[in-house]
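Q: Residue numbers (the UniProt record's numbering): 1 to 458.
#1: State the Cα-Cα distance for the pair residue 53 and residue 29, rounded to the nearest angstrom.
#2: Taking its Cβ as the centre, do 16 or more other Cβ atoms sit within 10 Å of residue 296, making it buried, or is it exposed?
#3: Using 9 Å as the threshold, is the C-beta distance between residue 270 and residue 235 below it?
#4: What residues in its chain sit with their C-beta under 6 Å from that of residue 202, if we drop five residues either side in the sequence?
#5: If you follow the beta strand (DSSP E) that residue 90 is in, where does it begin and where does it stop?
#6: Among 110, 108 and 144, which residue has its Cα nearest to the Cα of residue 124?
#7: Kindly indicate which three-state DSSP category residue 194 falls into: helix, strand or coil?
#8: Measure the C-alpha to C-alpha separation of residue 157 and residue 121 and round it to an integer number of angstroms.
#9: Considering only residues of the segment 171–224, which uninterrupted alpha helix (DSSP H) runs meet the minimum length of 4 residues and lie entirely inside it, listed in chain order?
#10: So residue 216 packs on residue 138, CB below 8 Å; how close in whole Å?
#11: Exposed or buried, which one is residue 9 when buried takes at least 16 other CB atoms within 10 Å?
#12: Quick check on residue 136: does DSSP put it in helix, strand or coil?
#13: Strictly by DSSP, which residues pair up with residue 50?
#14: Hey, out of 25, 78, 34 and 58, whose CA is closest to residue 12's CA?
#15: If you draw a straight line from the alpha carbon of residue 245 to that of residue 69, how long is it in whole angstroms?
#16: Please confirm whether residue 165 and residue 188 have their CB atoms less than 9 Å apart.
#17: Applying the 10 Å Cβ sphere with the 16-neighbour rule, what's the burial state of residue 26?
#18: Enumerate in chain order the residues of its own chain whose CB-to-CB distance from residue 93 is below 7 Å, with the five nearest sequence positions on each side excluded.
#19: Check whether the Cβ of residue 85 lies closer than 9 Å to any Cβ atom in chain C.
#20: For the candidate residues 61, 85 and 83, whose alpha-carbon lies nearest to that of residue 77?
#21: DSSP three-state call for residue 166: helix, strand or coil?
#22: Using a Cβ-Cβ cut-off of 6 Å (strictly less than) and excluding sequence neighbours within five positions of residue 174, which residues of its own chain qualify?
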């Protein structure tokens, strides 16, 4: 912000009880301060956005937070208001984002850490979708670790690009549309998004799959692609690269479950509910097969011999379990922004149609079918790989009843809980679970391809 716009600054009080502290982040049109509730002593994060901003997002983001309150992995909203020429939002103070932590961990996470994060993030995204919201910008910078007693919990933040996928006028799933402008971050965007298809729940889960692969490998094949200032050309190049990069190639050196994740999301229909239970099952099975214990000991919490230097305490084992430890860590990070609150890169673009659709909107999870045309653009893209993708899923290991049923072990929270309508048997394969949960169908050149002609003998 320009100096003349800094009507609110450090030590000022907003909302009658929230005092601003040091600046901890900034975006293209907003600044983020650490703060404190003068009445309770609780530490908070305070976002400021000038009301004169060309594309204000903070009111929209606060409405999303209101809708998601109480959800797992969602920061709590403390207050929103307009004072002294600024939109102001006060939320729960969180720790560093996963990109910052990844950089301090040598650029990669271990498989155990990735699977523990995946467990929490699947549940958090499912909870968000249950309340009728899609994020549209899942990326490491928007995934933050908690503080204090929540230090092991990962949170989804920055809902400036989020929208409802339930039409508030009809209480139905939004209609399928094509030729949409790009919204999101190019590196983690779904192939559907690059194709110009209206975003729905499947794109969040595909983006999350890319994020997990990025954590494991340290990079993605399409990093480094550029096109100067030509956004349309850049989007086209990335679309072609992502399409030509088969999931097996993308997930090379990773367990096959990650390729299965990407394939499943690309084969999910526009208005279809992603198979969260299937993703939980295959990742939980992998976790168990490696003999891991769900003890919340991440790569950055064990640190005796690694190269993570986070301040004066770097000589002793770093086990981030106390609030003071986190504050020391945050200081050492010397962060430039708390969580990319308003992305400043040209890589991220807002949605001009994302207005204020809050009245009479239902957040119940739906599996409605769109009344619009089938996924014609993406059908033409995916039909050459469809048969091979489904055959790949058939080859995954059997999922037994034990993989789906909770038990009394310390890892019980990890285990997926089937919905009341699910019919899971000990002989079900991953492919048949995909057929049941995702109801695989594809429109190839306008003709409906029934899954029965693909799934033969299991």
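The beta carbon of each residue, even a glycine, is placed where N, CA and C say it ideally should be.
A: Walking through what the data contain:
#1: 7 Å
#2: exposed
#3: no
#4: 265, 268 and 274
#5: 86–92
#6: 144
#7: helix
#8: 12 Å
#9: 191–194 and 201–217
#10: Not quite, the Cβ-Cβ distance comes to about 16 Å (not below 8 Å), so this is no contact.
#11: exposed
#12: coil
#13: 86
#14: 34
#15: 38 Å
#16: no
#17: buried
#18: 34, 43, 44, 45 and 147
#19: Absent here is chain C; the protein component of the structure consists of one chain.
#20: 61
#21: strand
#22: 165 and 167
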